[in-house]
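**Student:** Take a look at this one; I'll ask things after.
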Amino acid sequence: MHFQRQVSQALDAEHRSSLNLLDQLERALVRGQDDELTALARPLIRQIDAEVARHFGFEEDELFPRLREAGDGDIATLLEQEHADIRELCAELRPLLDALAAGTLAAAQRAPLRRLALELVERMVSHIQKETMGLLPLLEDLLDEPTDQALSLAYAAA
43 MHFQRQVSQA
53 LDAEHRSSLN
63 LLDQLERALV
73 RGQDDELTAL
83 ARPLIRQIDA
93 EVARHFGFEE
103 DELFPRLREA
113 GDGDIATLLE
123 QEHADIRELC
133 AELRPLLDAL
143 AAGTLAAAQR
153 APLRRLALEL
163 VERMVSHIQK
173 ETMGLLPLLE
183 DLLDEPTDQA
193 LSLAYAAA
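Each residue of the sequence shown is one higher than the one before, counting from 43 in the working numbering.
Next up, the structure:
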């Protein structure tokens, strides 16, 4: 899809970047390559920090209220619930990724890391698909040019 609004374009670009990293993660997990997984630990930590803190927060603070005001609260509620579920998952996964990146992950932690990482892939890919097919097209119609510009600048500055 090609989006016209700056906010939609920025979110879509982040989604594409996330999907690329999630694809690499899934391939590393399926192949059982510990060295590949270790190499992905720091990029995943950065992605979790960016996606969960910044991206989700922006949507919840700036976009979902606008959707509700426009009568599209159901999608906002669904996406917020998914955000909460993904945050909870990331809270479990993050310490394991930190240990993996530091080279201190215990052998007993490898199975939980793999399980949580695969769950992250599944949840994030599904969530991104919903946002790409549902949220972003709604924003194209919802945001006028001045609001789009203001939100885009605010998001870039965050």
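All C-beta atoms, glycine included, are put in the ideal place defined by N, C-alpha and C.
Thinking C-beta only, is L180 closer than 9 Å to L120?
**Tutor:** no
**Student:** Give the single residue among D77, A52, D186 whose Cα lies nearest to the Cα of G145.
**Tutor:** D77
**Student:** Nearest-angstrom Cα distance between A150 and A200?
**Tutor:** 38 Å
**Student:** Rounded C-beta distance between I128 and H169? I'm assuming under 8 Å.
**Tutor:** 7 Å
**Student:** State the start and end residues of the unbroken alpha helix (DSSP H) segment that holds Q89.
**Tutor:** 76-90
**Student:** On the DSSP letters alone, give me the boundaries of the alpha helix (DSSP H) that E101 sits inside.
**Tutor:** From DSSP, E101 is part of no alpha helix (DSSP H); its letter is neither H nor E.
**Student:** Relative to the C-alpha of A52, which residue among L178, D186, D183, T189 is closest?
**Tutor:** L178
**Student:** Cβ atoms of L131 and L105: under 9 Å apart, would you say?
**Tutor:** no
**Student:** For Q123, count neighbouring Cβ atoms within 10 angstroms of its own Cβ and tell me buried if that reaches 16, exposed if not.
**Tutor:** exposed
**Student:** Drop a sphere of 10 angstroms on the beta-carbon of L195, count the other beta-carbons inside from all chains shown, and report buried for 16 or more, exposed for fewer.
**Tutor:** Taking all protein chains in view, the Cβ of L195 is surrounded by fewer than 16 other Cβ atoms within 10 Å, so the residue is classified as exposed.
**Student:** T174 and D65 - do their beta-carbons sit closer together than 9 Å?
**Tutor:** Between D65 and T174, the C-beta spacing is not below 9 Å.
**Student:** Would the segment 134-145 and the segment 84-92 be scored as touching if the rule is three or more Cβ pairs under 8 Å?
**Tutor:** Flag = yes, the segment 134-145 and the segment 84-92 touch.
**Student:** Quick one: what does DSSP say L185 is sitting in, helix, strand or coil?
**Tutor:** coil
**Student:** Could you check which residue in V49, F45, M43, S60 has the C-alpha nearest to that of E164?
**Tutor:** Of all alpha-carbon atoms in V49, F45, M43, S60, the one lying nearest the alpha-carbon of E164 is that of S60.
**Student:** At what residues does the alpha helix (DSSP H) containing R156 begin and finish?
**Tutor:** 152-172
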